[in-house]
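So the protein sequences, as listed, match chains A and B.
Count the first sequence with my numbering and you get residues 69 to 152, in order.
Count the second sequence with my numbering and you get residues 69 to 152, in order.
2 protein chains.
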Amino acid sequence: MKYLAHIDIMPLKELLDPQGKAVTSGLKNLGLQDISNVRIGKHISLEVNANDKDSAQNQVETACKKLLANQVIESYEYSLNEVE
Amino acid sequence: MKYLAHIDIMPLKELLDPQGKAVTSGLKNLGLQDISNVRIGKHISLEVNANDKDSAQNQVETACKKLLANQVIESYEYSLNEVE
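Set out below in structure tokens:
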């Protein structure tokens, strides 16, 4: 079966996010004064072929831990849904 | 009131995503053969101070259109929830 995973990888809350800070001031310059606390991370979508949801979940976990997220500075969360 | 927006900005489906292709082969090299069709975009979280949800939504739309997403090559979607 085919599963679709949506993964969000964000800088840890404890860390500064310089890119987010820059975007916050960019938005202020555009007149959007009421937007604050911008944080920027990655969104990754991928498809997994697996026999069941547990196996798909294992693969997504492995992908996040080994390649996609740097757990020293980033946290990840994901949703997994069957397609087709 | 304060609203929290989660925005996903992804490369349009019609376009190649070279970063996604590179990650797909990286994952294959790690033994994750069953993962395919990786696409990589941005995930942005931000807070909006607004009187009501409509006004918050307007500000998020403006931010996406004017700064966050390049609509020639990217699409965006978001969710908006009240906090506090």
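Where is the CB? At the ideal position from N, CA and C, for every residue including glycine.
Using the rule of at least 16 other Cβ atoms within 10 Å of the residue's Cβ for burial, across every protein chain shown, is residue i buried or exposed?
| i | result |
| --- | --- |
| residue 140 of chain B | exposed |
| residue 78 of chain A | buried |
| residue 101 of chain A | exposed |
| residue 95 of chain B | buried |
| residue 114 of chain A | buried |
| residue 106 of chain B | buried |
| residue 131 of chain A | buried |
| residue 73 of chain A | buried |
| residue 137 of chain A | buried |
Leaving out five residues on either side along the sequence, give the residues of the same chain with a beta carbon under 7 Å from the beta carbon of residue i.
| i | result |
| --- | --- |
| residue 125 of chain B | 148 |
Output needed for residue i: all residues of its chain with C-beta closer than 8 Å, excluding positions within five of it in sequence on either side, in chain order.
| i | result |
| --- | --- |
| residue 82 of chain B | none |
Cα separation between residue i and residue j?
| i | j | result |
| --- | --- | --- |
| residue 87 of chain A | residue 108 of chain A | 7 Å |
| residue 135 of chain A | residue 117 of chain B | 36 Å |
| residue 80 of chain A | residue 142 of chain A | 5 Å |
| residue 133 of chain B | residue 99 of chain A | 13 Å |
| residue 70 of chain A | residue 120 of chain A | 9 Å |
| residue 127 of chain A | residue 103 of chain B | 8 Å |
Determine the closest residue to residue i out of the options, with distance taken between C-alpha atoms.
| i | options | result |
| --- | --- | --- |
| residue 85 of chain A | B/71, B/121 and B/112 | B/112 |
| residue 150 of chain A | A/122, A/129 and A/144 | A/122 |
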